[in-house]
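Chemist:
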Amino acid sequence: KYKIIAYSLSAFFTGLIGSLMILNSGGVNEGAFHISHSIDMIVMLVIGGLGSVFGSILGGYIYYWLYDTLLVKFPGINLIILGIIVIIIVLFAPEGITGIISKYKIKNIKLRDLID
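Sequential numbering from 242 applies to the sequence shown in the numbering used here.
#1: Is E271 helix, strand or coil when you go by DSSP?
#2: Beta-carbon separation of F315 and I322 under 8 Å?
#3: What is the rounded straight-line gap between the Cα of I338 and the Cα of H278?
#4: Could you check which residue in N319, G296, G259, Y243 has the C-alpha nearest to that of I341?
#5: Would you mind sorting L264 into buried or exposed? The rule is 16 or more other CB atoms within 10 Å of its CB.
#6: Let me check understanding here. Comparing Cα to Cα, which of L312, I318, M285, I258 lies closest to L299?
#7: Going by DSSP in three states, K242 sits in which element: helix, strand or coil?
#8: What are the boundary residues of the alpha helix (DSSP H) that L312 is part of?
#9: Under a Cβ-count criterion, where at least 16 other Cβ atoms within 10 Å of its own Cβ denotes burial, should V294 be classed as buried or exposed?
#10: Classify I288 as buried or exposed, calling it buried when 16 or more other Cβ atoms lie within 10 Å of its own Cβ.
#11: Nearest-angstrom Cα distance between G290 and G256?
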């Protein structure tokens, strides 16, 4: 029963996000189904940490901040540097940023403190 509810919620939110992406891009084209979108989502989860909503949000923020910063400072090799950073995170912190936070038992941490 719980698996059906989890799959249903997952399908609902996936459809909702897909429809919002179509509205944002102004229509459906072949670029909307590119594999890079899926890879971006997986990298965000790996950076933030699997198994928590906070990790997903934090991973998305960190990913796009890194992506934009590296694109400005190192155009052309930004994806290589980002890939190296992700490999380092997977090797040294496989549980992601939220795993590090929970490992050191940092309690009452606010998202605003991490952003600033």
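Virtual Cβ for every residue (Gly too), placed ideally from N, Cα, C.
Modeler: On the basis of the supplied data:
#1: helix
#2: yes
#3: 21 Å
#4: G296
#5: exposed
#6: M285
#7: coil
#8: 294–314
#9: exposed
#10: The residue is buried, with at least 16 neighbouring Cβ atoms inside 10 Å.
#11: About 23 Å.
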